[in-house]
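Peer 1:
In the UniProt record's numbering, the protein residues as written are 1 to 146.
#1: Could you check which residue in 3, 126, 142 and 125 has the C-alpha nearest to that of residue 132?
#2: Return the first residue and the last residue of the alpha helix (DSSP H) that residue 99 is part of.
#3: Leaving out the 5 sequence neighbours to the left and right, which residues in its chain are closer than 7 angstroms to residue 30 when beta-carbon positions are compared?
#4: DSSP three-state label for residue 144, please.
#5: Quick one: Cα of residue 52 to Cα of residue 8, how far?
#6: Could you tell me which of 118, 43, 22 and 85 sits nearest to residue 96, measuring between CA atoms?
#7: Going residue by residue through the UniProt domain "NfeD-like C-terminal" (82 to 140), where are the continuous alpha helix (DSSP H) segments of at least 4 residues, counting only ones entirely within it?
#8: What is the C-beta distance between residue 140 and residue 114, in whole angstroms, given that I count them as a contact (C-beta under 8 angstroms)?
#9: Using the three-state DSSP reduction, which class does residue 1 fall into: helix, strand or coil?
#10: Could you compute how far the alpha carbon of residue 138 sits from the alpha carbon of residue 88?
#11: What does the Cβ neighbour count give for residue 107, buried or exposed, with the cut at 16 atoms within 10 Å?
#12: Are the Cβ atoms of residue 92 and residue 135 separated by less than 9 angstroms?
#13: Would you report the Cα separation of residue 83 and residue 90, rounded to the nearest angstrom?
#14: By a C-beta neighbour count over all protein chains shown, 10 Å radius and 16 as the cutoff for buried, is residue 66 buried or exposed?
#15: Secondary structure at residue 43, three-state DSSP: helix, strand or coil?
This is how it looks when you write it as structure tokens:
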């Protein structure tokens, strides 16, 4: 059974290394389960019991830590100054069309390069709403679309 303990511990180390490379918070729980299986092997449990311990501990840890895993992987969205523009009304100061893609709007006192969402076009003087920002480019929709 000493060989089984070594196999499970090597498995735990390999899974730990994989976790370090992927940071998915999946392999770490399997590494913990491999350590639990190594303990079972050290207690002279059969190979079926060791595999069962590995499987059960893996599944339980994955289920219990899934919300934590999602929180760390996705984290909080980092807000930027541009976020305050979402939903704000602006005025087209340079024609927006899908062909030239050189439109501009003035929103909250700032001039932004702009394009129409889904290829929409807007004439100078039209009011638009900022739908989202792509880099330094505002994507806008008609006021009536929102």
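Even glycine gets a Cβ: it sits at the ideal position worked out from N, Cα and C.
Peer 2: For this structure:
#1: Counting from 1 along the chain shown, the entry for residue 132 is found at position 132. If we check each option's Cα against that of residue 132, 142 comes out closest.
#2: The sequence position of residue 99 within the chain shown is 99, counting from 1. Run containing residue 99: none; DSSP gives neither H nor E here.
#3: As a working mapping, residue 30 is identified with position 30 in the chain shown. For residue 30, where only same-chain residues beyond five positions count, the Cβ hits under 7 angstroms are 15 and 58.
#4: The residue given as residue 144 occupies position 144 in the chain shown. Helix at residue 144.
#5: Here residue 52 is taken as the residue at index 52 of the chain shown, counted from 1. Here residue 8 is taken as the residue at index 8 of the chain shown, counted from 1. Near 13 angstroms, if we compare the C-alpha coordinates of residue 8 and residue 52.
#6: One-based indexing of the chain shown puts residue 96 at position 96. When each option's Cα is compared against that of residue 96, the closest is 118.
#7: none
#8: What you label residue 140 is simply residue 140 of the chain shown in a count that begins at 1. What you label residue 114 is simply residue 114 of the chain shown in a count that begins at 1. Right, their Cβ atoms sit about 5 angstroms apart.
#9: Residue mapping note: residue 1 aligns to position 1 of the chain shown, counting from 1. It is coil, neither helix nor strand.
#10: On the chain shown, position 138 is the one that residue 138 refers to. On the chain shown, position 88 is the one that residue 88 refers to. About 11 angstroms.
#11: Taking the first residue of the chain shown as position 1, residue 107 is located at position 107. Under this definition residue 107 is a buried residue.
#12: The residue labelled residue 92 in the question sits at position 92 within the chain shown. The residue labelled residue 135 in the question sits at position 135 within the chain shown. Their beta carbons are not under 9 angstroms apart, which means residue 92 does not touch residue 135 by this criterion.
#13: Here the question's residue 83 lines up with position 83 in the chain shown. Here the question's residue 90 lines up with position 90 in the chain shown. Approximately 14 angstroms, taken between the alpha carbons.
#14: Here residue 66 refers to the residue found at position 66 of the chain shown. The residue in question, residue 66, is exposed, as its Cβ has fewer than 16 Cβ neighbours within 10 Å.
#15: Reading the chain shown from its first residue, position 43 is the one you call residue 43. Three-state DSSP puts residue 43 in coil, outside helix and strand.
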